[in-house]
Amino acid sequence: MFMGYSLGEIGSIFAMQAFAGLILFSVFVLMALGLAIIFGQMGVINMAHGEFMILGAYMTFLTSHLFQTYAPQAFAGYFFVAMLVAFVASGAIGLAVEWLLIKRLYKRPLDTLLATWGLSLIMQQAFRSIFGAREVGVQLPDWMMGSLQVTDTIEVQINGLFVMTLTLMITAVVALLLFRSRWGLQVRAVVANRVMADAAGIDTRRIDRLTFGLGCGIAGIAGSAFTMIGSTSPTAGQAYIVDTFLVVVFGGAQSLLGTIASAFTISQSQSTLEFFLTGSMAKVTTLLIVIGLLMLRPQGLFVLKVRK
Amino acid sequence: MSLEKRPNGLESPLRRKLLLGTAAASVASLLPPRAWADAFPTAQVNTTGLAVTDIDVTVGILHSVTGTMAISETGSVEAEKLAIDQINASGGVLGRKIKFIQEDGASDWPTFAEKAKKLLVNDKCASVMGCWTSASRKAVLPVFEQYNGMLYYPTFYEGLEQSKNVIYTGQEATQQIIAGLNWVEKEKGAKTFYLLGSDYIWPRTSNKIARKHIENVLKLKVVGEEYFPLGHTQFNSVINKMKLTKPDVIYAIIVGGSNVAFYKQLKAAGIDLSKQTLMTISVTEDEIDGIGGENIAGAFACMKYFESLDNSNNKAFVSAFHKMWGDKTVIGDVTQAAYLGPWLWKLTVEKAGSFDIDKIAAASPGVEFKGAPEGYVRIHENHHLWSKTRVGRARTDGQYDVIYETADLMEPDPFPKGYQ
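Protein sequence lines correspond, in order, to chains Y and A. All residue numbers for the first sequence refer to this note's numbering, where the first residue is 1 and numbers rise by one. All residue numbers for the second sequence refer to this note's numbering, where the first residue is 1 and numbers rise by one.
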């Protein structure tokens, strides 16, 4: 496929393709982070993760409208406010859901699967009733659209850079929280041995609630960021959930590093394959690779060694 | 005698009124409805036990109002209800008011089949307006054939189907594709094409037709053809490939939420649609609502109807639609096609002088609707519609400028020779 192109052209396509792979990597990390910390700490698979993301997207939509109506001069910066609103809204609802639903089902992991799936259906229908069945268009400030001209032939998407920076920051904050804060210490204790942590005086209930809220809040931020690249409709969350699970399961639960490594592997193989094969075949091949690797390492890429 | 004459007597004043763009009154309403209905005793116009009484007739509306497809099907439901309202205001069908029973297909194909059976067997609906995806139509088709119902199906689709029990009010693939490709070759001097699509039957069949037409008829070149899973949101790799192959035309048949991702990423990657020709057959005004006009402005769409179409039928239709469903709703190609369903059924029933499904099926070919918002349509022997094909160019406000329309009606050809 490279017949008849100059070396310079091929070089710049490869550079842009590498960048496309990095964007996909950031998107995957951002999607999976919230789910990963919840799954890692509590063993709860949150099937409504995609809906928490879409909640963030709808919050962004609302914020953009508020800014357009009441403060059009500040529209260029609305996105930062929107992400904050998305975090608070998704986080608050996450806390409420944990208190109402999840905490009653801790000893029954399969039931939480079913319960959160039901929750996802409820949330979808709620979005449909409140915002309408049709897609909504989230308008972005002009500076976020378009691309930077790096050289004559290499262009870099601004929204891609934005997602990458955001992912880097959120990952850093989560890592900092996990490894440098009191909450992080307690989370790690609970992950290592819940019963012992309880006995040592750690309020595991409170830790669980905070973790669930934080995970949902991060999902909200992710959803807010994805209004730049995807659609906002009641069922759009379904499009993300499969990839998200893939990343978390492949990375191995309970490990932040695993999530990042798995997001990197999957995104790079997918974006490279997409370039040489077609979109559908790339997906099929990626899934085959993941299945193959999971057969070799059923626990995922990174496993926390704990005594059970 | 009077039975045979009356529909003919009704036809021309009715048409004229419709041409004026109003369905508020037809000659039928000059007669008291009872009298009109009395001229067609129920025992004669309904010999197969459909839900027809002396005063009303029941039809079904079968679309998804929940689930993934609710995004697309909402517009169709709205258009069908509007048409039914207007028909009732103008005297109904053979003097009978239309009542409707709405069922939710819930974006689930077995549910569609089950609800179709309910509408036909329990409710005895005289006709059903419904379905959107080909998958849902395929699911209900055996039901309609087994229980002898009549379905008015609104979506543009891939063709390769024809049934006595279905009237296809949207375009089949060749009607939509061939005129657009001819136009882009002539007006844009296009030589190379990159075909894209979501990975299921409609985009694949459509691109197959497009490729045959490009290679065998126009003698031009396809430089790439690719499909993406439904709901795919990452298009950067294919955008890079298009930057490398530099096609004259990007031919995109991407559907649903993927559309939003595709056009946003195209714009972010610096592909300027005012310079790069992009033609789509899957983005109506409904989709632009989600994509955002600023992200798709400059793209060309090829279909039979645009909301901005300038004719008196359409102006009346658009204003009635907005009055009923709010100023913010937009009207896409399929919504207009859904609006045709109840009207075509009414005209067919009146031509046949009967509600019986067999008589309607036989009377359908040749039925013409001059009040159609798209201008004029006529039912072909193969139960599809003769209609014009148009090319529109997307504006930033989410509407299309109509820049070309075929001189003649395009003949529907659901089984195109040489394109399979």
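By construction, the Cβ of each residue, glycine as well, lies at the ideal position given by its N, Cα and C atoms.
Assuming contact is defined by CB atoms lying nearer than 8 Å, are residue i and residue j in contact in what I supplied?
i        : j        : result
A/Asp286 : Y/Arg134 : yes
A/Val223 : A/Pro247 : yes
A/Gly60  : A/Asp123 : yes
Y/Asn159 : Y/Met228 : yes
A/Thr277 : A/Phe300 : yes
A/Leu196 : A/Glu161 : no
A/Lys388 : A/Glu368 : no
Y/Thr232 : Y/Val138 : yes
Y/Gly39  : Y/Val173 : First, the amino acid is wrong: residue 39 of chain Y is Phe here, not Gly. No; because the gap between Cβ atoms is not below 8 Å, this pair is not in contact.
Y/Gly50  : Y/Gly237 : yes
A/Met410 : A/Ala210 : no
Compare the C-beta of residue i against all C-beta atoms of chain Y and say whether one is closer than 8 Å.
i        : result
A/Val93  : no
A/Asn88  : no
A/Lys138 : no
A/Ser237 : yes
A/Tyr400 : no
A/Gly67  : yes
A/Gly60  : no
A/Thr205 : no
A/Thr111 : no
A/Asp104 : no
A/Ala70  : yes
A/Asp397 : no
For a test of the three-state rule: what should DSSP assign to residue i, helix, strand or coil?
i        : result
A/Ser387 : strand
Y/Cys216 : helix
Y/Leu140 : coil
A/Met69  : coil
Y/Tyr5   : coil
A/Val223 : strand
Y/Thr265 : helix
A/Ala23  : For A/Ala23, the predicted structure reports a pLDDT of 42, less than 50, and the residue's modelled location is therefore unreliable. A value from the coordinates is still provided. If DSSP states are grouped into helix, strand and coil, A/Ala23 belongs with coil.
A/Ile288 : helix
Y/Ala20  : helix
A/Gly170 : coil
Y/Leu161 : helix
A/Leu218 : coil
A/Ala394 : strand
A/Gly49  : coil
Y/Ser90  : helix
Y/Thr285 : helix
A/Thr277 : strand
If I follow the unbroken beta strand (DSSP E) through residue i, where does it start and stop?
i        : result
A/Ala252 : 249-253
A/His63  : 56-63
A/Phe193 : 192-198
A/Asp333 : No beta strand (DSSP E) contains A/Asp333, which is instead part of the alpha helix (DSSP H) from 333-352.
A/Phe441 : The structure shown has nothing for residue 441 of chain A, since chain A only spans 1 to 420.
A/Asp401 : 400-405
Considering residue i, what are the terminal residues of the alpha helix (DSSP H) in which it resides?
i        : result
A/Phe300 : Not the alpha helix (DSSP H): A/Phe300 falls in the beta strand (DSSP E), residues 300-303.
A/Leu151 : No alpha helix (DSSP H) holds A/Leu151; the beta strand (DSSP E) holding it covers 151-153.
Y/Gly128 : For the record, residue 128 of chain Y in the displayed sequence is Arg; it is not Gly. It spans 109-131 - the alpha helix (DSSP H) in which Y/Arg128 sits, taken as one unbroken run.
A/Gly257 : 257-268
A/Arg211 : 201-212
A/Ile379 : Note, A/Ile379: premise wrong, no alpha helix (DSSP H); beta strand (DSSP E) at 377-379.
Y/Ile244 : One detail in the question is off: residue 244 of chain Y reads as Thr in this sequence, not Ile. That run of the alpha helix (DSSP H) goes 238-251.
Y/Val191 : 182-192
With a threshold of 8 Å between beta carbons, is residue i in contact with chain A?
i        : result
Y/Ile38  : no
Y/Ala57  : no
Y/Glu155 : yes
Y/Thr235 : yes
Y/Gly220 : no
Y/Met16  : yes
Y/Ser26  : no
Y/Gln68  : no
Against chain B, with Cβ distances strictly below 8 Å, would residue i count as a contact?
i        : result
Y/Ile158 : Structure shown: chain B not included; protein chains present are Y and A.
Problem set entry | Selection of the segment 256-270 of chain A by Cβ proximity to chain Y, strictly under 9 Å | Gly256, Gly257, Ser258, Asn259, Val260, Ala261, Lys264, Gln265, Lys267, Ala268, Ala269, Gly270
For this session: Could you name the residues of the segment 217-249 of chain A whose beta carbon sits closer than 7 Å to any beta carbon of chain Y, in the order they occur along the chain?
Result: Residues of the segment 217-249 of chain A whose Cβ lies closer than 7 Å to any Cβ of chain Y, in chain order: Glu226, Tyr227, Phe228, Pro229, Gly231, His232, Thr233, Gln234, Asn236, Ser237, Val238, Asn240, Lys241, Lys243, Leu244.
For this session: Compile a chain-ordered list of the residues in the segment 72-97 of chain Y whose CB is closer than 9 Å to at least one CB of chain A.
Result: Against chain A - using a Cβ distance shorter than 9 Å - the segment 72-97 of chain Y contributes no residues.
For this session: Could you please tell me which residues of the segment 284-317 of chain A, in chain order, have their CB closer than 9 Å to any CB of chain Y?
Result: Asp286, Glu287, Ile288, Asp289, Gly290, Ile291, Gly292, Gly293, Glu294, Asn295
Problem set entry | Interface positions of the segment 114-145 of chain Y facing chain A (Cβ-Cβ less than 7 Å), listed along the chain | Gln125, Arg128, Ala133, Arg134, Glu135, Val136, Gly137, Gln139, Met145
Problem set entry | Positions along the segment 270-281 of chain Y whose CB lies within less than 7 Å of some CB in chain A | Ser271, Glu274, Phe275, Thr278, Gly279, Ser280
Problem set entry | Interfacial residues, the segment 172-202 of chain A to chain Y, with Cβ spacing under 7 Å | Asp199
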